[in-house]
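Novice:
2 protein chains.
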Amino acid sequence: MERILIADDDKTSREALQLALRRDGFESLATQSGAEVLSLCKGENPPALVLLEPALPDRDGIEICKEVRSFSDIPVIILSSRDDVAAKVLGLAFGADDYITKPFDTREVMARVKAVLRRTRIHNKPKNTLITYENLIIDMNRYEAKIGGKVCELPPKEIELLFHLASNPNKVFTRDELLDDVWGFEYYGDSRTIDVHIKRLRTKLDGVSDKWFLKTVWGVGYKFELNE
Amino acid sequence: MERILIADDDKTSREALQLALRRDGFESLATQSGAEVLSLCKGENPPALVLLEPALPDRDGIEICKEVRSFSDIPVIILSSRDDVAAKVLGLAFGADDYITKPFDTREVMARVKAVLRRTRIHNKPKNTLITYENLIIDMNRYEAKIGGKVCELPPKEIELLFHLASNPNKVFTRDELLDDVWGFEYYGDSRTIDVHIKRLRTKLDGVSDKWFLKTVWGVGYKFELNE
DNA sequence: TCAATTGTTAAGTTTCTGTTAATAAACTGT
DNA sequence: ACAGTTTATTAACAGAAACTTAACAATTGA
């Protein structure tokens, strides 16, 4: 779930935005302080996007935008008042991704939030997308695996798990590492889940090759074992 | 002969520009309406460049610039008044290629027009507008598809989507990527839209060939699957 | 205006995913 | 080697998530 940070000192706007965000399945987080925007963006778990009112009490919004841009790519949408053209202009000049004029229609805000997230998501997609071994090809571009020339349909979680293991052949991963790497940082669930997915992969890759297979490392985790 | 579109509500400017353009061997075309700028740029025979005064009577010039950029690469030069800094900056932020401050020297305008055209011509390499596979031809020049020799009428969005998918056979596109690539960055809409268009395409291409079809990649997106 | 295209919504269906619990296997200390 | 303990395998189920589809609403252009 993506978290959106709302920085606005007007309570009414803030609440309207939080409500709209929640309705569309976003997590939200509000502050009135520019300093806090910065510390949240710098912190452990930065928001996916910032909705920024440029006239915050403690700091100039444009400065905030500039500074956020100096250390991260977190997208920023400026929530300027109708007549505050200067803020819009400067914001965009300093790297804001969009602007919205107050008073706003929350549906428009949501649409723009989604559009900006969509745009920014695109260019951080994985680069290295193809792995080939003896009679095994994993192509994350096509989202399919070829085993002995035959295309094997694998659901997303399974192919991602296989891809991750096969990207580091012979390296053992603990279940916790796999949950972090494949399921993602914030996943909270039982690590037996891994076992089940390994099992499902195994039944599909069963006896295909003796050069590679999914090996259990007892008491530790799993690895993609590759010989010769 | 390249055609330049002048969008300005001031008759004096317009005539000065038209004269200068003609003298340098350009065709010109003038309007006072923002809506017309858009329809001309979208039309059959779009201009090679737009000279845009941001304060048009019917629409905000910046919006126009943004919108033109959302569906094409036609270069735009902003003709802002001396004190309208906001328009300049916003215009550039939204993809304008240059700006000129009024009152202008027509020789300077011509120099910039030529410079911008030179720059953009380099990028506008001829695009591949024809795709052919086993009994499928997509001709984006004519905006039509032939399937088994028979012309199949497809509305614009559908053929654009099909063309884009078919341009990268077997590659999976997420809904977000398709919205960006086919609908454009500025599109604010729901990604379920993709599903509906896929469905419409499918009913039209149904069972035409077993060499290719539109495939759902569960949890990821869609692809144009091509065999052999 | 009408008709065609495009976008939205919601119900219905399919596929996948995580959990549980029973069973099997591997290790441990004696 | 044995009993006891820990860990892994497996199948079955329930719920969640994703896709399909149809019908309707909005938009666009003739």
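Chains as they are written, first to last, in the working numbering: chain D, 112 to 339; chain S, 112 to 339.
For glycine and all other residues, C-beta sits at the position ideal for the given N, C-alpha and C.
In this text the structure is predicted, and so the values were computed from the model without any measurement.
When the Cα atoms are used, what is the spatial distance from Val69(S) to Ile185(S)?
Specialist: For residue 69(S) there is no data in the structure shown, the boundaries of chain S being 112 and 339.
Novice: Any beta-carbon of chain D closer than 8 Å to the one on Lys122(S)?
Specialist: By one-based count along the second sequence, residue 122(S) stands at place 11. Judged by the 8 Å Cβ criterion, Lys122(S) is not in contact with chain D.
Novice: Spell out whether any CB of chain S is found under 8 Å from the CB atom of Arg311(D).
Specialist: Numbered from 1 along the first sequence, position 200 holds the residue referred to as residue 311(D). With its beta carbon at least 8 Å from every one in chain S, Arg311(D) lies outside the interface.
Novice: Starting from Thr212(S), trace the beta strand (DSSP E) both ways and give me its first and last residue.
Specialist: Stepping through the second sequence from its first residue, residue 212(S) is reached at position 101. Element bounds for Thr212(S): 209 to 213.
Novice: Does any C-beta atom of chain D lie closer than 8 Å to the C-beta of Gly172(S)?
Specialist: Position 61 of the second sequence, counting from 1, holds the residue named residue 172(S). No, Gly172(S) lies away from the interface with chain D (no Cβ there is under 8 Å from its Cβ).
Novice: How would you label Gly332(S), buried or exposed, when you count the other beta carbons within 10 angstroms and need 16 or more for buried?
Specialist: Reading the second sequence from its first residue, position 221 is the one you call residue 332(S). Counting Cβ neighbours within 10 Å, Gly332(S) comes out buried, since at least 16 surround it.
Novice: In angstroms with no decimal places, state the Cα-to-Cα distance between Asp76(D) and Leu162(D).
Specialist: This structure gives no information on residue 76(D), because the portion of chain D shown stretches from 112 to 339.
Novice: Just mark Lys326(S) as buried or exposed, buried being the case when its beta carbon has 16 or more other beta carbons within 10 Å.
Specialist: Walking along the second sequence from the start, residue 326(S) turns up at place 215. Result: buried.
Novice: Within the continuous alpha helix (DSSP H) that includes Ser181(D), where are the two ends?
Specialist: Here residue 181(D) corresponds to residue number 70 of the first sequence, with the count starting at 1. Note, Ser181(D): alpha helix (DSSP H), 172 to 182.
Novice: Between Ser124(D) and Leu132(D), is the Cβ-Cβ spacing less than 8 Å?
Specialist: Translated into the one-based positions of the first sequence, residue 124(D) becomes position 13. Translated into the one-based positions of the first sequence, residue 132(D) becomes position 21. Cβ distance not < 8 Å, so Ser124(D) and Leu132(D) don't count as in contact.
Novice: Compare the C-beta of Tyr299(D) against all C-beta atoms of chain S and say whether one is closer than 8 Å.
Specialist: Here residue 299(D) corresponds to residue number 188 of the first sequence, with the count starting at 1. Cβ-Cβ to chain S under 8 Å: no for Tyr299(D).
Novice: Contact criterion: CB-CB distance below 8 Å. Does Gly330(S) meet it with respect to chain D?
Specialist: The residue given as residue 330(S) occupies position 219 in the second sequence. Yes, Gly330(S) lies at the interface with chain D (some Cβ there is under 8 Å from its Cβ).
Novice: Can you tell me which of the three DSSP states Trp329(S) falls into?
Specialist: By 1-based counting over the second sequence, the position of residue 329(S) is 218. Of the three classes helix, strand and coil, the one that applies to Trp329(S) here is coil, per DSSP.
Novice: Whose Cβ in chain S lies nearer than 7 Å to the Cβ of Arg232(D)?
Specialist: Counting from 1 along the first sequence, the entry for residue 232(D) is found at position 121. Those within 7 Å of Arg232(D) in chain S are Asp287.
Novice: Run through DSSP, which three-state label would Thr231(S) get?
Specialist: As a working mapping, residue 231(S) is identified with position 120 in the second sequence. Three-state result, Thr231(S): helix.
Novice: Report the rounded CA-to-CA distance for Asp121(D) versus Ala166(D), giving the unit in angstroms.
Specialist: In the first sequence, the residue the question calls residue 121(D) occupies position 10. In the first sequence, the residue the question calls residue 166(D) occupies position 55. Asp121(D) and Ala166(D): Cα-Cα distance of roughly 10 Å.
Novice: For Asn348(S) versus Thr240(S), is the C-beta spacing smaller than 8 Å?
Specialist: The displayed coordinates of chain S run from 112 to 339. Any statement about residue 348(S) would go beyond what the structure contains.
Novice: Could you check whether the Cβ of Tyr333(D) sits closer than 8 Å to any Cβ belonging to chain S?
Specialist: Taking the first sequence and counting its residues from 1, the one referred to as residue 333(D) is at position 222. Taking Cβ atoms only, chain S never reaches closer than 8 Å to Tyr333(D), which makes this a no.
Novice: Classify Leu130(D): buried if its beta carbon has 16 or more other beta carbons within 10 angstroms, exposed otherwise.
Specialist: The count along the first sequence starts at 1 and reaches residue 130(D) at position 19. Classification of Leu130(D): exposed, given that the 10 Å Cβ count is below 16.
Novice: Which residue's Cα is closest to the Cα of Cys152(S): Gln143(S), Ile173(S), Leu116(S)?
Specialist: Numbered from its first residue, the second sequence carries residue 152(S) at position 41. Comparing Cα-Cα distances from Cys152(S) to each of Gln143(S), Ile173(S), Leu116(S), the minimum goes to Leu116(S).
Novice: By the 10 Å Cβ neighbour count, where 16 or more other Cβ atoms means buried, how is Lys322(S) classified, buried or exposed?
Specialist: Here residue 322(S) is taken as the residue at index 211 of the second sequence, counted from 1. When all chains shown are included, Lys322(S) counts as exposed.
Novice: Quick one, which of Pro158(D), Val148(D), Pro157(D) has its alpha-carbon nearest Asp171(D)'s?
Specialist: Locating residue 171(D) in the first sequence gives position 60, counting from the first residue. It is Val148(D) whose Cα lies nearest to the Cα of Asp171(D).
Novice: Should Val328(S) be labelled buried (16 or more other beta-carbon atoms within 10 Å of its own) or exposed?
Specialist: The residue given as residue 328(S) occupies position 217 in the second sequence. With 16 or more Cβ atoms within 10 Å of its Cβ, Val328(S) is classed as buried.
Novice: Please report whether the beta-carbon of Asn156(S) lies at a distance below 8 Å from any beta-carbon of chain D.
Specialist: Within the second sequence, the letter at position 45 stands for residue 156(S). Not one chain D Cβ lies under 8 Å of Asn156(S).
Novice: Look at Glu155(S) and Phe137(S) and say whether their C-beta atoms are less than 8 Å apart.
Specialist: Position 44 of the second sequence, counting from 1, holds the residue named residue 155(S). Position 26 of the second sequence, counting from 1, holds the residue named residue 137(S). Contact: no.
Novice: Determine the extent of the beta strand (DSSP E) in which Glu255(D) is found, giving its start and end residues.
Specialist: On the first sequence, residue 255(D) is found 144 positions in, with the first residue counted as 1. Counting along the chain, the unbroken beta strand (DSSP E) around Glu255(D) starts and ends at 255 to 258.
Novice: What residues in its chain sit with their C-beta under 7 Å from that of Ile309(S), if we drop five residues either side in the sequence?
Specialist: Indexing the second sequence from 1 puts residue 309(S) at position 198. Cβ neighbours of Ile309(S) beyond the five flanking positions: Leu325, Tyr333.
Novice: Given that Thr281(S) touches chain D, what residues does it touch there, using C-beta distances under 9 Å?
Specialist: As a first step, residue 281(S) must be located in the second sequence, where it is residue number 170. The sequence shown places Asn at residue 281(S), rather than the Thr named in the question. Correct list: Asp250, Asn252, Arg253, Glu255.
Novice: Determine, using beta carbons only, whether Pro266(D) comes closer than 8 Å to chain S.
Specialist: Counting from 1 along the first sequence, the entry for residue 266(D) is found at position 155. By this cut-off, Pro266(D) is an interface position.
Novice: Among Val307(D), Asp306(D), Asp287(D), which one has its Cα closest to the Cα of Asp298(D)?
Specialist: Residue mapping note: residue 298(D) aligns to position 187 of the first sequence, counting from 1. Checking the sequence shown, residue 298(D) turns out to be Tyr, not Asp. Of the candidates Val307(D), Asp306(D), Asp287(D), the one whose C-alpha sits nearest the C-alpha of Tyr298(D) is Asp287(D).
Novice: Anything in chain S within Cβ reach of Arg223(D), meaning under 8 Å, just list it in chain order.
Specialist: Residue numbering aside, residue 223(D) sits at position 112 when the first sequence is read from its first letter. Per Cβ cutoff of 8 Å: Tyr299.
Novice: Run the CB neighbour count on Arg180(S), radius 10 Å, all protein chains shown included, and call it buried at 16 or more, exposed below.
Specialist: For the purposes of this step, residue 180(S) is identified with residue 69 of the second sequence, where counting begins at 1. Arg180(S) is buried by the Cβ-count criterion.
Novice: Could you pull the DSSP bridge partners for Val262(D) from this structure?
Specialist: Here residue 262(D) refers to the residue found at position 151 of the first sequence. Lys257(D), per the DSSP bridge assignment.
Novice: Bridge partners for Glu138(D) per DSSP, in chain order?
Specialist: Sequence index remark: in the first sequence, residue 138(D) carries index 27 (1-based). Answer is Arg114(D), bridged to Glu138(D).
Novice: Start and end of the beta strand (DSSP E) containing Thr243(S)?
Specialist: By 1-based counting over the second sequence, the position of residue 243(S) is 132. From DSSP, the beta strand (DSSP E) with Thr243(S) extends over 241 to 244.
Novice: Under DSSP, the beta strand (DSSP E) around Ser191(S) begins and ends at which residues?
Specialist: By one-based count along the second sequence, residue 191(S) stands at place 80. 187 to 192 is the extent of the beta strand (DSSP E) around Ser191(S).
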